[in-house]
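Have a look at the structure below, then the notes.
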Amino acid sequence: SSSREQSDDDDMEGDAETTGNANPVQQRLQRRKQSNRESARRSRSRKAAHLNELETQVAQLRVENSSLLRRLADVNQKFNEAAVDNRVLKADVETLRAKVKMAEDSVKRVTGMNALFPAVSDMSSLSMPFNGSPTDSTSDAAVPIQDDPNSYFANPSEIGGNNGYMP
Numbered sequence: 001s002s003s004r005e006q007s008d009d010d011d012m013e014g015d016a017e018t019t020g021n022a023n024p025v026q027q028r029l030q031r032r033k034q035s036n037r038e039s040a041r042r043s044r045s046r047k048a049a050h051l052n053e054l055e056t057q058v059a060q061l062r063v064e065n066s067s068l069l070r071r072l073a074d075v076n077q078k079f080n081e082a083a084v085d086n087r088v089l090k091a092d093v094e095t096l097r098a099k100v101k102m103a104e105d106s107v108k109r110v111t112g113m114n115a116l117f118p119a120v121s122d123m124s125s126l127s128m129p130f131n132g133s134p135t136d137s138t139s140d141a142a143v144p145i146q147d148d149p150n151s152y153f154a155n156p157s158e159i160g161g162n163n164g165y166m167p
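Residue numbers (the UniProt record's numbering): 1 to 167.
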């Protein structure tokens, strides 16, 4: 490009020598050539500026793309962690449901047995101490589940007296 501009400058020097004694047609031709050279120079300058602007935009878009890729990787990682946590929580829910069902079945067995033994009305004989209000810290403790329904009932001889029940 610089060699071309140099040749343009050389042409202008030669043109200046001939314009002094040239006719008006040749002068118009020389002015048009000069105008075209200036127009081409401005066009090259605009093109270079536009290219520079596009290169800057490419650099900005690459930075933005890199940032978006990092964010996407972070979101994917959080999604995968949430999916694992979700599976763990679902397994915990199923475990708790099974425990609740076992407890309900145990309660049904006890209440079913209770209907068979109406003489067991004195619940204090089950020796289950009550040590305070439900707001005590012990109220949060787990209650053991006993699978033997006979362990919930006191022996009639321990109750004290004959209740009229004959097995």
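Beta carbons: idealized from backbone N, C-alpha and C, even for Gly.
Query, Result
"Helix or strand or just coil, what does DSSP make of N80?", "helix"
"Alpha carbon to alpha carbon, how far is L68 from V75?", "10 Å"
"Could you compute how far the alpha carbon of T135 sits from the alpha carbon of T95?", "Because the pLDDT at T135 is just 49, under 50, the model does not fix this residue reliably, and the point stays unresolved."
"Specify the secondary structure class of N23 as computed by DSSP and reduced to three states.", "coil"
"Look at the alpha carbon of A40 and the alpha carbon of L72, and state the distance between them as a whole number of angstroms.", "46 Å"
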